[in-house]
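The opening position of the sequence shown corresponds to residue 1 in full-length UniProt numbering, with each subsequent residue numbered one higher.
Ideal Cβ placement from N, Cα and C applies to all residues, glycine included.
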Amino acid sequence: MVNWIWMGMIVFSVLFGAANGKMEQVAEAAFGGAQTGVTVCLGLISILVFWMGLMRIAEVAGLVSKLSRLLAPIVRRLFPDVPSEHPAMGYILSNMSANLLGLGNAATPMGIKAMQELQKLNPHPTVATPAMCTLLALNTASITLVPTTMIAIRMNFGSVHPADIVAPTLLATLISTGAAVIIDRWYRRRNKFPPTSTIIQKDGAAPPTTLYKPPAPAGGG
Numbered sequence: 001m002v003n004w005i006w007m008g009m010i011v012f013s014v015l016f017g018a019a020n021g022k023m024e025q026v027a028e029a030a031f032g033g034a035q036t037g038v039t040v041c042l043g044l045i046s047i048l049v050f051w052m053g054l055m056r057i058a059e060v061a062g063l064v065s066k067l068s069r070l071l072a073p074i075v076r077r078l079f080p081d082v083p084s085e086h087p088a089m090g091y092i093l094s095n096m097s098a099n100l101l102g103l104g105n106a107a108t109p110m111g112i113k114a115m116q117e118l119q120k121l122n123p124h125p126t127v128a129t130p131a132m133c134t135l136l137a138l139n140t141a142s143i144t145l146v147p148t149t150m151i152a153i154r155m156n157f158g159s160v161h162p163a164d165i166v167a168p169t170l171l172a173t174l175i176s177t178g179a180a181v182i183i184d185r186w187y188r189r190r191n192k193f194p195p196t197s198t199i200i201q202k203d204g205a206a207p208p209t210t211l212y213k214p215p216a217p218a219g220g221g
């Protein structure tokens, strides 16, 4: 879907430029953007290597595991339907700890493994479980203590105080994570007790309140 969106934007831009007789500017913008992309990437390599090295040292020193232990009580409340001793819980803790430290390269494989383990607990493989949705929401709006990539970009463009982004980023991610958790809890409660106003009882009695059951997989009868 994302590929189609990008393709549509490119085609629309080219057609708009052609209709207004500005194909020369379109070509210049395309080549200029490609050149800028390469320049920025090359400038970020050394900075990212430095930060990733520091974060790797923190990981090897046990900082990630210590954060995991601190986060364990919170994560158990966020994922009440995942057994505390299940491997998925360990991967979730590692993923969240890595995201806190800006270790995106470590957080991604941990998140994938967590999803794979959560799928083993899924009674309906074609439908995402609440735990999967919670994990995805937390990854999207993750609290970030050290925004490594943003600091590197600011340094590359000559920012005098590149680390000034730390406090605003922490505040923004705290708000986004809080919003994600609140919305996630709301959807969990709504799906657990769905609206029953559309159910009509022949005898005029109040419609029953039933627990939400995910749809059965295709072909399951």
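| Item | Value |
| --- | --- |
| For Lys-113, the three-state DSSP class (helix, strand or coil) | helix |
| Proximity below 8 Å, CB of Val-181 to CB of Val-166 | no |
| Integer-rounded CB distance, given that Ala-163 should sit under 8 Å from Leu-135 | 29 Å between Cβ atoms; not a contact. |
| Residue of Lys-120, Arg-69 and Pro-80 minimising C-alpha distance to Asn-95 | Arg-69 |
| Segment contact flag, the segment 97-107 with the segment 142-161, C-beta cutoff 8 Å, min 3 pairs | yes |
| Ile-112 versus Ala-19 - alpha carbon distance | 45 Å |
| Cβ neighbour criterion (16 or more within 10 Å) applied to Phe-50 | exposed |
| Residue closest to Leu-171, alpha-carbon to alpha-carbon, out of Thr-144, Val-160 and Ala-152 | Thr-144 |
| Endpoints, the alpha helix (DSSP H) within which Val-11 is located | 2-19 |
| Complete beta strand (DSSP E) runs within the UniProt domain "Nucleoside transporter/FeoB GTPase Gate" (42-151) (minimum length 3 residues, chain order) | none |
| Within 8 Å, strictly: CB atoms of Met-23 and Gly-32 | no |
| Whole-number beta carbon distance between Thr-177 and Ala-131, since they are thought to touch under 8 Å | 17 Å between Cβ atoms; not a contact. |
| Alpha-carbon to alpha-carbon, Arg-76 and Ser-97 | 14 Å |
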